[in-house]
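Residue numbers (my numbering), protein chains in the order written: chain H, 1 to 448; chain E, 1 to 702.
Where a beta carbon is used, it is the ideal one built from N, C-alpha and C, also for glycine.
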Amino acid sequence: MTKNKSISQGIDYPVIWLYASLVAIGILCIFMVEYREGVNVFSSFIGGKTNYSKQLFFAGFCVLVATFILLTDSKLFTAFANLMYVFGLLLMLATFVIGKNINGSKSWIPLAGGFNLQPAELCKIFTALALAKFLSRQEIDFSKLKYQLIGGAITLAPAVLSILQHELGLALVYTSFLIAMYREGLPAQILIIGSSFGALVIASLIIEPNTLLIALSVIAVFMIYIARRQAKRNKGVITIIFIAWLISAGTQRFVIPYIFNNVLECYQSTRIYSMVGKDYNCSENVKSMKKQQTGNEKAPRKPDDYNVRQSKIAIGSGGFTGKGFLKGTQTRGKYVPEQHTDFIFTSLGEAFGFLGCFFFLILYIALLFRIVRIAERQRSTFSRVYAYSVVSIFFFHIAVNVSMTIGLFPIVGIPLPLISYGGSSLLTFTILIFILLRLDADRQMVLR
Amino acid sequence: MSVFNQSRGRVIQIIIGAVFIVMTAQLINLQIFSSQYKLAAENNAIYRKIIYPDRGIIFDRKKRALLENTISFDLVVTPAESKGTDTATLCAILGIDTSEYKKRMLDAIFKNTRVRPSIFEPLLTPDLYAKLTENMYKFPGFVLSERSVRTYPFNTAAQLLGYIAEVDTAYLRKNKHLGYEMGDYAGMSGLEKTYESVLMGQRGIKRFIRDNKSRIQGPYENGIFDTIPVAGRNLYTSIDVEVQQLAEQLLQNKIGSAVAINPQTGGIISMVSSPTYNPNVLTGNARRKNWGRMVMDTAKPMYNRAIKGQYPPGSTFKPLGALVALDQGLITSDYGIGCSGGYGACGGVYVRCEHGNAGHAANLRLALANSCNSYFSDVFRKALDNKKWGNPNQGYLKWKEYMNAFGLGRRLEVDLPSEDKANIPDTSVYNRFFGGARRWNSCSVLTLGIGQDKMTATPLQMANLMCIIANKGYYYPPHFVDSIESESTADTVLMNKYRTKHTVTNISDRDYQAVNDGMHDVTVYGTASHIKIPGVEYCAKTGTAQNPHGKNHSLFVAFAPKDNPRIAVAVVVENGGYGSVAAGPIAGLIIEKFLNDTLSTAGKATAERITKMDLVPQAIKNWYTRKDAERAARLAKLALEEAAEKEEAEPNREAPKNNTEAILEQGSKPVGNKKDSTEKYKIKAALLISESKKKKMEGRRQ
Numbered sequence: 001m002t003k004n005k006s007i008s009q010g011i012d013y014p015v016i017w018l019y020a021s022l023v024a025i026g027i028l029c030i031f032m033v034e035y036r037e038g039v040n041v042f043s044s045f046i047g048g049k050t051n052y053s054k055q056l057f058f059a060g061f062c063v064l065v066a067t068f069i070l071l072t073d074s075k076l077f078t079a080f081a082n083l084m085y086v087f088g089l090l091l092m093l094a095t096f097v098i099g100k101n102i103n104g105s106k107s108w109i110p111l112a113g114g115f116n117l118q119p120a121e122l123c124k125i126f127t128a129l130a131l132a133k134f135l136s137r138q139e140i141d142f143s144k145l146k147y148q149l150i151g152g153a154i155t156l157a158p159a160v161l162s163i164l165q166h167e168l169g170l171a172l173v174y175t176s177f178l179i180a181m182y183r184e185g186l187p188a189q190i191l192i193i194g195s196s197f198g199a200l201v202i203a204s205l206i207i208e209p210n211t212l213l214i215a216l217s218v219i220a221v222f223m224i225y226i227a228r229r230q231a232k233r234n235k236g237v238i239t240i241i242f243i244a245w246l247i248s249a250g251t252q253r254f255v256i257p258y259i260f261n262n263v264l265e266c267y268q269s270t271r272i273y274s275m276v277g278k279d280y281n282c283s284e285n286v287k288s289m290k291k292q293q294t295g296n297e298k299a300p301r302k303p304d305d306y307n308v309r310q311s312k313i314a315i316g317s318g319g320f321t322g323k324g325f326l327k328g329t330q331t332r333g334k335y336v337p338e339q340h341t342d343f344i345f346t347s348l349g350e351a352f353g354f355l356g357c358f359f360f361l362i363l364y365i366a367l368l369f370r371i372v373r374i375a376e377r378q379r380s381t382f383s384r385v386y387a388y389s390v391v392s393i394f395f396f397h398i399a400v401n402v403s404m405t406i407g408l409f410p411i412v413g414i415p416l417p418l419i420s421y422g423g424s425s426l427l428t429f430t431i432l433i434f435i436l437l438r439l440d441a442d443r444q445m446v447l448r
Numbered sequence: 001m002s003v004f005n006q007s008r009g010r011v012i013q014i015i016i017g018a019v020f021i022v023m024t025a026q027l028i029n030l031q032i033f034s035s036q037y038k039l040a041a042e043n044n045a046i047y048r049k050i051i052y053p054d055r056g057i058i059f060d061r062k063k064r065a066l067l068e069n070t071i072s073f074d075l076v077v078t079p080a081e082s083k084g085t086d087t088a089t090l091c092a093i094l095g096i097d098t099s100e101y102k103k104r105m106l107d108a109i110f111k112n113t114r115v116r117p118s119i120f121e122p123l124l125t126p127d128l129y130a131k132l133t134e135n136m137y138k139f140p141g142f143v144l145s146e147r148s149v150r151t152y153p154f155n156t157a158a159q160l161l162g163y164i165a166e167v168d169t170a171y172l173r174k175n176k177h178l179g180y181e182m183g184d185y186a187g188m189s190g191l192e193k194t195y196e197s198v199l200m201g202q203r204g205i206k207r208f209i210r211d212n213k214s215r216i217q218g219p220y221e222n223g224i225f226d227t228i229p230v231a232g233r234n235l236y237t238s239i240d241v242e243v244q245q246l247a248e249q250l251l252q253n254k255i256g257s258a259v260a261i262n263p264q265t266g267g268i269i270s271m272v273s274s275p276t277y278n279p280n281v282l283t284g285n286a287r288r289k290n291w292g293r294m295v296m297d298t299a300k301p302m303y304n305r306a307i308k309g310q311y312p313p314g315s316t317f318k319p320l321g322a323l324v325a326l327d328q329g330l331i332t333s334d335y336g337i338g339c340s341g342g343y344g345a346c347g348g349v350y351v352r353c354e355h356g357n358a359g360h361a362a363n364l365r366l367a368l369a370n371s372c373n374s375y376f377s378d379v380f381r382k383a384l385d386n387k388k389w390g391n392p393n394q395g396y397l398k399w400k401e402y403m404n405a406f407g408l409g410r411r412l413e414v415d416l417p418s419e420d421k422a423n424i425p426d427t428s429v430y431n432r433f434f435g436g437a438r439r440w441n442s443c444s445v446l447t448l449g450i451g452q453d454k455m456t457a458t459p460l461q462m463a464n465l466m467c468i469i470a471n472k473g474y475y476y477p478p479h480f481v482d483s484i485e486s487e488s489t490a491d492t493v494l495m496n497k498y499r500t501k502h503t504v505t506n507i508s509d510r511d512y513q514a515v516n517d518g519m520h521d522v523t524v525y526g527t528a529s530h531i532k533i534p535g536v537e538y539c540a541k542t543g544t545a546q547n548p549h550g551k552n553h554s555l556f557v558a559f560a561p562k563d564n565p566r567i568a569v570a571v572v573v574e575n576g577g578y579g580s581v582a583a584g585p586i587a588g589l590i591i592e593k594f595l596n597d598t599l600s601t602a603g604k605a606t607a608e609r610i611t612k613m614d615l616v617p618q619a620i621k622n623w624y625t626r627k628d629a630e631r632a633a634r635l636a637k638l639a640l641e642e643a644a645e646k647e648e649a650e651p652n653r654e655a656p657k658n659n660t661e662a663i664l665e666q667g668s669k670p671v672g673n674k675k676d677s678t679e680k681y682k683i684k685a686a687l688l689i690s691e692s693k694k695k696k697m698e699g700r701r702q
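Dropping the structure here:
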């Protein structure tokens, strides 16, 4: 009893409840996808062959891990943060040697009992811890460029490894640490410039190059008109505006086509183009042409937005109140590919409609805001940075995953936290949350 | 430390909130304001299966079913599941080889994809079905699926009932609004076509959920949106199946047609066109073959001569000629002429009459009884030269009007598709023929008065004409269907056409009586006096139409009994000679069968004699002989080729002297398990020999 008390001491229960309900919803969603009429649910459940029974097993395992984490000492995480980070990187490197190829990416390490571990998933935790450890060092002043670069390097190292494993989605997740770093003093300009770049990319996809150039020029002239007073005092303003105009024009004219044709793979370009409703011509893509020449790959297929279309149909057909539990025709017909993993949100959208989706998103918001609040009440920088890292990772996953199922974002293979089928992903998010809870329980301590 | 940048926590929360608001907005857009996704989802996942109702049954006047529905089986295959099928056994049962099997499989995949079932062998024979059911366990992916097909227990009335067949793209395009789909069956001719909407019933739709590979997952919403099929409604016709069978039997070995109508209702009792065919040959799996054979047949067994055959009515027209003059008041029934064996008033045209004795045309009754050509030529000229109309041209137009009123030269709108209107030529035809409106007069077209020249009529029109005379001036449009089961208002509108009485003339009953009496005299002492119907007094008119292509056509029209007639008949036998020789007895027997329900002993003897009478023209017989010979030659050639193949397969064998011998040798040599094939060779070899003999004989003849 006393032991129990010591575990539960200072634990933030709202987060636990949110966590538990999300995991439960996840298993329910997987059940909806797997369910077949006429099949004896109980026997197939006991048989453990179905994904939902496996997921339930993972959840049980996660409870064990969570309990274990809550039983440990917070100091453990600060002490081992760097070591674990190095360990994580080594694991990722190890996949290049003993990796197992699943779905085209050699990023899995086979474990006993038919389970596979994806080190890149676990590396998110280690990176979060390492970043927290680094930023909590007393001599760090994060407003200095040197430390910003080191912080960036810490987060980018696993991202680079992920790209090498052809897991673009996982690599993108590491950019979410920008949010945590922003909280710790990263200049807002970086975020602003970053989002402006994003806006520019989308604009250059949608709008004709020449029209966009004219639009940019108009904006530049308008800016000069507004800033004419300051310009009298300081000629530099006009120079800055002019340079910005030059850069954006150059970007939309040369950089973006270069990125799409030379940096990205054909299918990636296609996905991004299909998001704005356009076709990408793969014959312009250097990589696909190279592959074609070497004969390794089939001729470029006609670009197809089948996944997004089906996903939108499934969610859209749910209507306001949805078709009801287990009554989704699209879900039962397996029209949406990868529905139990990356597109799990579609089964929810179809079965429970807008009301269900809205309630579901509210749960997520509640969880994120709760963690932000937890972060802000920490005394130690380590805990706060870690908490913000957790928020960033969750937020990125949720935003990207949901946006791609409703056609707001190109398809990137990242799971919906706590909902999507998959042991590695569930375990990662569980550990992320419970380390946070452990740290929060000791929020009076100053951890370094 | 934690005080630094604390406002940024708020900023992060705002960013999170903003992103969630964007996502919610898109959800609202997708789920609440975009209806196309619901439609797309239904198109994706809901499979509508059409449940076919039973087609309506067609009954005769005594409620005997002329056709019924029965179950036939199709062998259906789902290519994706057919792995592990015992191909050899299946091919052996179906009598095909493996290349044919592969071809059909590829066809099936091409048509309906790998995962959906398609028909492998349609309409299995009972024998084949039995063999297959025994072995079905060897053929995974194959199933026997049932289908409703027609069967004809009386083997009769093929051309009337018509046939059903799978709709083609042209049919679909034409009947777009009726909702047919590929693979549906629809009536393609006869009553099946005319009453398609009644017989078809209402198809039910069952909705199923299907998955991304179009596999059925189960009923949609437990079937609450399903509609139940409504069976097609039955048709009750005026056909008498026994009369129909008798008429078909009597017209065997002849080319011609017979129509019997009940004048009191217009209901058609029997309609035969010979040669005809057994309707059951168009239902089984040999349907396509039989159909092709019949379409190519020079005697046109699928051609309904009763409504499409055009014959000069000849003397059977005479009663009508009299009626026209009577109605215009040009003659009375007492009008008579003196005829001494011909009509010469026109100078250039001389119409011969069969009789020369004095007084044979002293009045209308006598003229009809003796079928006096002179009398009716005279009457015809009176009609055309009637002063009232000004000139012969106008007179002709008036006369044509009469013809149309009596149902000649126009469609009677019988409830069969593609009825012909035959021909009562327009004045323009004669203007062209004679080179101007003033270049011809009543003399130029004199033989129209005795039913020759350019006028033609279908047997149905002739029978209908008899109805008018029997009814003394009115008729109901001839039709088959008396009533429709649970008749709807739409049906009543359709049927009212046949329930409307059409009054044709204003001729007094006395004048009609004169015509009827004359026609009665025909059967008493006139041209049909030797045709007797036990216990029935009847009226008739024979006709012998001149046929420029060969022997005269034999025509006969009649109605019976004399008073209060219940049946009117028209019979045409092509190349049958005099009307009383071939057509007369047939009409008599039809009337006897209908009125007496059975044939007398004498009647049976006549029926046998007539049935055996062979009047098929030699040209058609020659055509059949040639066709048979060609088929035999083809078979022999095939046999030779197969033999050659066998030789190649067995190079060690001695080279035989000639191919025929080789076949005979192979035929005589038992090859163990290949007993069947050797038998086949024997037959083919025999055919080959007979063929060569025939050729030799032909050579000699030449």
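*Of the choices E/321, E/481 and E/486, whose alpha-carbon is the least far from that of residue 511 of chain E?*
Locating residue 511 of chain E in the second sequence gives position 511, counting from the first residue. The candidate whose alpha carbon is nearest that of residue 511 of chain E is E/321.
*Closer than 8 Å, Cβ to any Cβ of chain E: which residues of the region 375-391 of chain H, in chain order?*
375, 376, 378, 379, 381, 384, 388 and 391
*asked:* Can you pull out the residues from the region 16-34 of chain E whose beta carbon lies closer than 8 Å to at least one beta carbon of chain H?
replied: So the list reads 16, 17, 19, 20, 22, 23, 24, 26, 27, 28, 30, 31, 32 and 34, given in the order they occur along the chain.
*Looking only at its own chain, which residues have a Cβ that is under 7 Å from the Cβ of residue 91 of chain E, when we skip the five neighbours before and after it?*
In the second sequence, counting from the first residue as 1, residue 91 of chain E sits at position 91. Cβ neighbours of residue 91 of chain E within its own chain (closer than 7 Å, five residues either side excluded): 97, 98 and 101.
*Taking only runs of the alpha helix (DSSP H) that begin and end inside the region 79-158 of chain H, which ones reach a length of at least 4 residues, in chain order?*
Qualifying alpha helix (DSSP H) stretches, in chain order: 119-135.
_At a cut-off of 7 Å, would you count residue 290 of chain E as near the ligand FMN, judging by its Cβ distance to the nearest heavy atom?_
As for the ligand FMN, it is missing from this structure, which has no ligand bound.
*asked:* Alpha carbons only, please: which of H/362, H/384 and H/380 is nearest the one belonging to residue 372 of chain H?
replied: As a first step, residue 372 of chain H must be located in the first sequence, where it is residue number 372. Taking only the C-alpha atoms, the option nearest residue 372 of chain H is H/384.
*Are the beta-carbon atoms of residue 55 of chain E and residue 232 of chain E separated by less than 8 Å?*
Walking along the second sequence from the start, residue 55 of chain E turns up at place 55. Walking along the second sequence from the start, residue 232 of chain E turns up at place 232. Yes, these two residues count as a Cβ contact at 8 Å.
*Is the Cβ-Cβ distance between residue 356 of chain H and residue 367 of chain H less than 8 Å?*
As a first step, residue 356 of chain H must be located in the first sequence, where it is residue number 356. As a first step, residue 367 of chain H must be located in the first sequence, where it is residue number 367. Cβ distance not < 8 Å, so residue 356 of chain H and residue 367 of chain H don't count as in contact.
*Would you say residue 450 of chain H and residue 414 of chain H are within 8 Å of each other, going by their C-beta atoms?*
Since the first residue of chain H shown is 1 and the last is 448, residue 450 of chain H is not available in this structure.
*Within its chain, find whatever has a CB closer than 8 Å to the CB of residue 106 of chain H; leave out the 5 residues flanking it on each side and keep chain order.*
As a first step, residue 106 of chain H is located in the first sequence; it is residue number 106 there, counting from the start. Contacts found: 95, 96, 99, 100, 165 and 166.
*asked:* Along the region 116-133 of chain H, where does the CB come closer than 9 Å to a CB of chain E? Name the residues.
replied: none
*For residue 409 of chain H, name the three-state secondary structure that DSSP assigns.*
Translated into positions along the first sequence, residue 409 of chain H becomes position 409. The answer is coil: DSSP assigns residue 409 of chain H none of H, G, I, E or B.
_Can you tell me whether residue 169 of chain H is buried or exposed? The criterion is at least 16 other CB atoms within 10 Å of its CB, across all chains shown._
Residue mapping note: residue 169 of chain H aligns to position 169 of the first sequence, counting from 1. The residue is buried, with at least 16 neighbouring Cβ atoms inside 10 Å.
*Mind checking who residue 219 of chain E pairs with in its DSSP beta bridge?*
On the second sequence, residue 219 of chain E is found 219 positions in, with the first residue counted as 1. In the DSSP output, where bridge partners are listed per residue, residue 219 of chain E has E/208.
*Could you tell me whether the Cβ atoms of residue 198 of chain E and residue 186 of chain E are closer together than 8 Å?*
Position 198 of the second sequence, counted from the first residue, corresponds to residue 198 of chain E. Position 186 of the second sequence, counted from the first residue, corresponds to residue 186 of chain E. No, they are not a contact pair.
*According to DSSP, is residue 513 of chain E helix, strand or coil?*
In the second sequence, the residue the question calls residue 513 of chain E occupies position 513. Three-state DSSP puts residue 513 of chain E in a helix.
_Cβ distance (whole Å) where residue 248 of chain H is taken to contact residue 216 of chain H below 8 Å_ = Walking along the first sequence from the start, residue 248 of chain H turns up at place 248. Walking along the first sequence from the start, residue 216 of chain H turns up at place 216. The C-beta distance from residue 248 of chain H to residue 216 of chain H rounds to 6 Å, short enough to meet the 8 Å contact threshold.
*residue 528 of chain E versus residue 193 of chain E - alpha carbon distance*: Taking the second sequence and counting its residues from 1, the one referred to as residue 528 of chain E is at position 528. Taking the second sequence and counting its residues from 1, the one referred to as residue 193 of chain E is at position 193. So the two alpha carbons sit approximately 39 Å from each other.
*According to DSSP, which residues form a beta bridge with residue 560 of chain E?*
Here residue 560 of chain E refers to the residue found at position 560 when the second sequence is read from its first residue. Residue 560 of chain E pairs with E/567.
*asked:* Give me, in chain order, the residues of the same chain whose beta-carbon lies closer than 6 Å to that of residue 520 of chain E; leave out the 5 immediate sequence neighbours on both sides.
replied: Within the second sequence, residue 520 of chain E is the residue found at index 520, counting from 1. Around residue 520 of chain E: 539 and 562.
*Below-8 Å beta-carbon distance, residue 80 of chain E vs any chain H residue*: By 1-based counting over the second sequence, the position of residue 80 of chain E is 80. No, because no Cβ of chain H sits closer than 8 Å to the Cβ of residue 80 of chain E.
_Residues in the region 390-414 of chain H having any Cβ partner in chain E nearer than 8 Å_ = 391, 395, 399, 402, 403, 406, 407 and 408
*For residue 577 of chain E, which option in E/314, E/76 and E/41 has the closest C-alpha, if you only look at C-alpha atoms?*
As a working mapping, residue 577 of chain E is identified with position 577 in the second sequence. The candidate whose alpha carbon is nearest that of residue 577 of chain E is E/314.
*Please confirm whether residue 85 of chain H and residue 115 of chain H have their CB atoms less than 8 Å apart.*
Residue 85 of chain H sits at position 85 when you count from the first residue of the first sequence. Residue 115 of chain H sits at position 115 when you count from the first residue of the first sequence. Against a cut-off of 8 Å, the Cβ pair of residue 115 of chain H and residue 85 of chain H comes out as no contact.
*Which bits of chain E does residue 320 of chain H rub up against, with CB to CB less than 7 Å?*
For the purposes of this step, residue 320 of chain H is taken as residue 320 along the first sequence, with counting starting at 1. Chain E residues near residue 320 of chain H: 31 and 32.
_Span separating the alpha-carbon of residue 107 of chain E from that of residue 136 of chain E_ = Taking the second sequence and counting its residues from 1, one reaches residue 107 of chain E at position 107. Taking the second sequence and counting its residues from 1, one reaches residue 136 of chain E at position 136. For the pair residue 107 of chain E and residue 136 of chain E, the Cα-to-Cα distance works out to about 22 Å.
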